[in-house]
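Participant:
Protein chains: 2
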Amino acid sequence: MTRAAQRRQSEERILTAARRIFAELGYDRTTIRAVAAAAGVDGGLVMHYFGSKDLLFARASEIPADELPGGTADEVAEALLTSLGRRLTDEPTASLAVLRSMLTNADAADRYRAAGEPQLNQLTEAIPSSDADLRASLLSAIVHGVIAERYLLRLTHLADASPEQIVDLLRPLFQSLATPPEQQPR
Amino acid sequence: MTRAAQRRQSEERILTAARRIFAELGYDRTTIRAVAAAAGVDGGLVMHYFGSKDLLFARASEIPADELPGGTADEVAEALLTSLGRRLTDEPTASLAVLRSMLTNADAADRYRAAGEPQLNQLTEAIPSSDADLRASLLSAIVHGVIAERYLLRLTHLADASPEQIVDLLRPLFQSLATPPEQQPR
DNA sequence: CCACTGGGTCAACGCCCGTAGAATGAACGG
DNA sequence: CCGTTCATTCTACGGGCGTTGACCCAGTGG
Chain A
1 MTRAAQRRQS
11 EERILTAARR
21 IFAELGYDRT
31 TIRAVAAAAG
41 VDGGLVMHYF
51 GSKDLLFARA
61 SEIPADELPG
71 GTADEVAEAL
81 LTSLGRRLTD
91 EPTASLAVLR
101 SMLTNADAAD
111 RYRAAGEPQL
121 NQLTEAIPSS
131 DADLRASLLS
141 AIVHGVIAER
151 YLLRLTHLAD
161 ASPEQIVDLL
171 RPLFQSLATP
181 PEQQPR
Chain B
1 MTRAAQRRQS
11 EERILTAARR
21 IFAELGYDRT
31 TIRAVAAAAG
41 VDGGLVMHYF
51 GSKDLLFARA
61 SEIPADELPG
71 GTADEVAEAL
81 LTSLGRRLTD
91 EPTASLAVLR
101 SMLTNADAAD
111 RYRAAGEPQL
121 NQLTEAIPSS
131 DADLRASLLS
141 AIVHGVIAER
151 YLLRLTHLAD
161 ASPEQIVDLL
171 RPLFQSLATP
181 PEQQPR
């Protein structure tokens, strides 16, 4: 195998292992040695490629931004539900790594805020109300609360439920938050 | 000062410092030395009194159970809102210590589950629906999600909002979750 | 007043971690 | 074919941690 390919493969194996272990144990409890062992390489190699544990975490927890399409409050709420349904269907390991670490690691907390900010802004703009920012924050808190308890804490009823069931139960809540009283149809 | 009083005072100072630091940094990042320093004593004394870091955490994070009165689904939902309002008004340090650590510490996760279980059961029993357990879990997830983002992540809009404002926005959501369709007045 | 209990301190041990740097050997380019 | 690059490993250092046990000294009870 060529050297370039070898390197790409090793980096990929390290990143995959890092994502899994960071998501399982959080930043503090994952050790570079453990990641290296899971990837089948030596710890020094991880250093050599990624520079430090912080940088490895940064690379392992890069999250593809899940943009919400603009539109009316109802449409944006529905888009947020769809996005949630997707994240409840296939487990997003990289964002779980951030979620698992955000309460005990400042970097992870920043990354969490940064990842949620565009969604938050889009929600805020779509909600026609003076307390739009608080409503948007509550929506975001609900989404992340559900994901955290399902995947990280594995509370049985949330872990066992189907994505559709959860999304259906949350739909009226999202509509209620997205639609202030003075805008609701009577 | 008598020796018994001296000891009680020292234990109390240690526990208070431990609660604050555990809530701030989480289990892993708080060191016994830091707790001892904050309490103005030596690290060895903490060991002497509490036996181990785990036991100290257990003692520091004892949570007074916040029982929900029974009743109809609506009443229980309102009681849950009241309880939330109380927790949004005066910061519950001990339960923040658990919350901060639950994603990275198995003990904290267990304590979190144990603390939420009675509320969860009471909610489940009050909700007249086959998916009552999922609805109750969602309610619990929302409560904890809001508290976590307000106190631990300090997302500005949630941290700045008044408890009343938050409770008022959540009331319709709680009613929606507590009242399944076939029970709703038309 | 004296023997003793017990609150409190201090220094040290053993462990694990992130990180650094030298060493090795196989792919590479001319 | 040979010098060089580079993927990879190995060994070690320095620091922080939980935990331990010896030690000191002020209350305490008789």
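Quick mapping for you: the protein sequence lines, in order, are chains A and B.
Residue numbers for the first sequence, in full-length UniProt numbering: 1 to 186.
Residue numbers for the second sequence, in full-length UniProt numbering: 1 to 186.
The C-beta atom is built at its ideal place from N, Cα and C for all residues, glycine as well.
Values in this document were obtained by computation on a predicted structure and should not be read as measured data.
At a Cβ threshold of 8 Å, is G85 of chain A touching chain B?
Facilitator: On the first sequence, residue 85 of chain A is found 85 positions in, with the first residue counted as 1. No, G85 of chain A lies away from the interface with chain B (no Cβ there is under 8 Å from its Cβ).
Participant: Cutting at 6 Å between CB atoms, please list the residues of its own chain near A17 of chain A, excluding the five before and the five after it.
Facilitator: Position 17 of the first sequence, counting from 1, holds the residue named residue 17 of chain A. Here the set comprises V35, A38, A39.
Participant: Look at the Cβ atom of L138 of chain B, then the Cβ atom of L152 of chain A, and state whether they are nearer than 8 Å.
Facilitator: Position 138 of the second sequence, counting from 1, holds the residue named residue 138 of chain B. Position 152 of the first sequence, counting from 1, holds the residue named residue 152 of chain A. In this structure, L152 of chain A does not lie closer than 8 Å to L138 of chain B by Cβ.
Participant: Going by DSSP, what residue range makes up the alpha helix (DSSP H) through Y27 of chain A?
Facilitator: Here residue 27 of chain A refers to the residue found at position 27 of the first sequence. Its alpha helix (DSSP H) spans residues 3–29.
Participant: Using the Cα positions of residue 210 of chain B and T93 of chain B, report the straight-line distance between them to the nearest angstrom.
Facilitator: In this structure chain B extends from 1 to 186, so residue 210 of chain B is not present and cannot be described.
Participant: Do we get a CB-CB distance below 8 Å when we pair H157 of chain B with the residues of chain A?
Facilitator: Within the second sequence, the letter at position 157 stands for residue 157 of chain B. It does; some Cβ of chain A falls within 8 Å.
Participant: Closer than 7 Å by C-beta to K53 of chain B: which residues in its own chain qualify, once you throw out the five before and the five after it? Chain order, please.
Facilitator: By 1-based counting over the second sequence, the position of residue 53 of chain B is 53. These residues qualify, in order along the chain: I32.
Participant: How many Å lie between I127 of chain A and V98 of chain A at the Cα?
Facilitator: Walking along the first sequence from the start, residue 127 of chain A turns up at place 127. Walking along the first sequence from the start, residue 98 of chain A turns up at place 98. Approximately 28 Å between the Cα atoms of the pair.
Participant: Using C-beta distances below 6 Å, list every residue in its chain close to D133 of chain A, excluding the 5 sequence neighbours before and after it, in chain order.
Facilitator: Here the question's residue 133 of chain A lines up with position 133 in the first sequence. Result list for D133 of chain A: T124, in chain order.
Participant: State the Cα-Cα distance for the pair S176 of chain A and Q175 of chain B, rounded to the nearest angstrom.
Facilitator: Your numbering for residue 176 of chain A matches position 176 in the first sequence. Your numbering for residue 175 of chain B matches position 175 in the second sequence. When rounded, the distance between both Cα atoms is 11 Å.
Participant: Return the residues of the UniProt domain "HTH tetR-type" (8–68) of chain A that lie within a Cβ-Cβ distance of less than 9 Å from chain B, sorted by chain order.
Facilitator: Listed by position, the residues of the UniProt domain "HTH tetR-type" (8–68) of chain A near chain B (Cβ gap below 9 Å) are L25, G26, Y27, D28, R29.
Participant: Does the beta-carbon of T89 of chain A have 16 or more other beta-carbons within 10 angstroms, so that it is buried, or is it exposed?
Facilitator: Taking the first sequence and counting its residues from 1, one reaches residue 89 of chain A at position 89. Exposed, because fewer than 16 other Cβ atoms sit within 10 Å of the Cβ of T89 of chain A.
Participant: Which chain A residues sit within Cβ distance under 8 Å of L153 of chain B?
Facilitator: On the second sequence, residue 153 of chain B is found 153 positions in, with the first residue counted as 1. M102, L103, A109, Y112, R113, listed in chain order.
Participant: Measure from the alpha carbon of R135 of chain A to the alpha carbon of each residue in A:L56, A:L173, A:I147, A:A106, then state which is nearest.
Facilitator: To locate residue 135 of chain A, count along the first sequence from 1; it is residue 135. Checking every option, the nearest Cα to that of R135 of chain A belongs to A:L173.
Participant: With contact counted as at least three CB pairs below 8 Å, one residue from each stretch, are the segment 40–51 of chain A and the segment 108–120 of chain A in contact?
Facilitator: Contact between the segment 40–51 of chain A and the segment 108–120 of chain A is absent, because fewer than three Cβ pairs lie under 8 Å.
Participant: For P163 of chain B and G85 of chain B, which I take to be in contact (beta-carbon distance under 8 Å), what is that distance rounded to the nearest angstrom?
Facilitator: Walking along the second sequence from the start, residue 163 of chain B turns up at place 163. Walking along the second sequence from the start, residue 85 of chain B turns up at place 85. Between G85 of chain B and P163 of chain B the Cβ distance is about 5 Å, and since that is below 8 Å, they are a contact.
Participant: Less than 8 Å between the C-beta atoms of L68 of chain A and V167 of chain A, yes or no?
Facilitator: Position 68 of the first sequence, counted from the start, is the residue given in the question as residue 68 of chain A. Position 167 of the first sequence, counted from the start, is the residue given in the question as residue 167 of chain A. Not in contact: L68 of chain A and V167 of chain A (Cβ atoms no closer than 8 Å).
Participant: For R186 of chain A and chain B, any beta-carbon pair shorter than 8 Å?
Facilitator: Counting from 1 along the first sequence, the entry for residue 186 of chain A is found at position 186. With a pLDDT of 41 at R186 of chain A, under the threshold of 50, the modelled position of that residue is not reliable, and no figure is offered here.
Participant: Confirm, please, whether the CB-CB distance from A60 of chain A to L25 of chain A is below 8 Å.
Facilitator: Locating residue 25 of chain A in the first sequence gives position 25, counting from the first residue. Locating residue 60 of chain A in the first sequence gives position 60, counting from the first residue. Taking 8 Å as the Cβ cut-off, L25 of chain A and A60 of chain A do not qualify as a contacting pair.
Participant: Roughly how many angstroms lie between the CA atoms of D74 of chain A and E91 of chain B, to the nearest whole one?
Facilitator: Residue 74 of chain A sits at position 74 when you count from the first residue of the first sequence. Residue 91 of chain B sits at position 91 when you count from the first residue of the second sequence. So the alpha carbons of these two residues sit roughly 34 Å apart.
Participant: Does the Cβ of A106 of chain B have 16 or more other Cβ atoms within 10 Å, making it buried, or fewer, making it exposed?
Facilitator: By 1-based counting over the second sequence, the position of residue 106 of chain B is 106. So A106 of chain B ends up on the exposed side.
Participant: Residues of chain A with a CB under 8 Å from the CB of D133 of chain B: which are they?
Facilitator: Reading the second sequence from its first residue, position 133 is the one you call residue 133 of chain B. The answer, in chain order, is H157.
Participant: Would you tell me roughly how many angstroms separate the C-alpha atoms of L96 of chain B and A77 of chain A, rounded to the nearest one?
Facilitator: For the purposes of this step, residue 96 of chain B is taken as residue 96 along the second sequence, with counting starting at 1. For the purposes of this step, residue 77 of chain A is taken as residue 77 along the first sequence, with counting starting at 1. Those two C-alpha atoms are separated by around 30 Å.
Participant: Helix or strand or just coil, what does DSSP make of V41 of chain B?
Facilitator: For this step, residue 41 of chain B is matched to residue 41 along the second sequence. Of the three classes helix, strand and coil, the one that applies to V41 of chain B here is coil, per DSSP.
Participant: Compare the C-beta of D95 of chain B against all C-beta atoms of chain A and say whether one is closer than 8 Å.
Facilitator: Against the second sequence, residue 95 of chain B aligns to sequence position 95. Checking the sequence shown, residue 95 of chain B turns out to be Ser, not Asp. No - not a single Cβ of chain A is within 8 Å of the one on S95 of chain B.
Participant: Figure out for me which residue from B:L45, B:Y112, B:D28, B:I21 has the closest Cα to the Cα of E11 of chain B.
Facilitator: In the second sequence, counting from the first residue as 1, residue 11 of chain B sits at position 11. Closest by alpha carbon: B:L45.
Participant: Go through its chain and collect everything with a Cβ distance to I21 of chain A's Cβ below 8 Å, but skip five positions before and after it.
Facilitator: On the first sequence, residue 21 of chain A is found 21 positions in, with the first residue counted as 1. Taken in chain order, the residues that qualify are T30, A34, V35, A38.
Participant: Which residues of chain A have a Cβ atom closer than 9 Å to the Cβ of P92 of chain B, listed in chain order?
Facilitator: By 1-based counting over the second sequence, the position of residue 92 of chain B is 92. Within chain A, no residue comes near P92 of chain B; the closest Cβ sits about 16 Å away, beyond 9 Å.
Participant: Rounded to whole angstroms, what's the CA-CA distance from E62 of chain A to S83 of chain A? Just pull it up for me.
Facilitator: As a position in the first sequence, residue 62 of chain A is number 62, starting the count at 1. As a position in the first sequence, residue 83 of chain A is number 83, starting the count at 1. E62 of chain A and S83 of chain A: Cα-Cα distance of roughly 18 Å.
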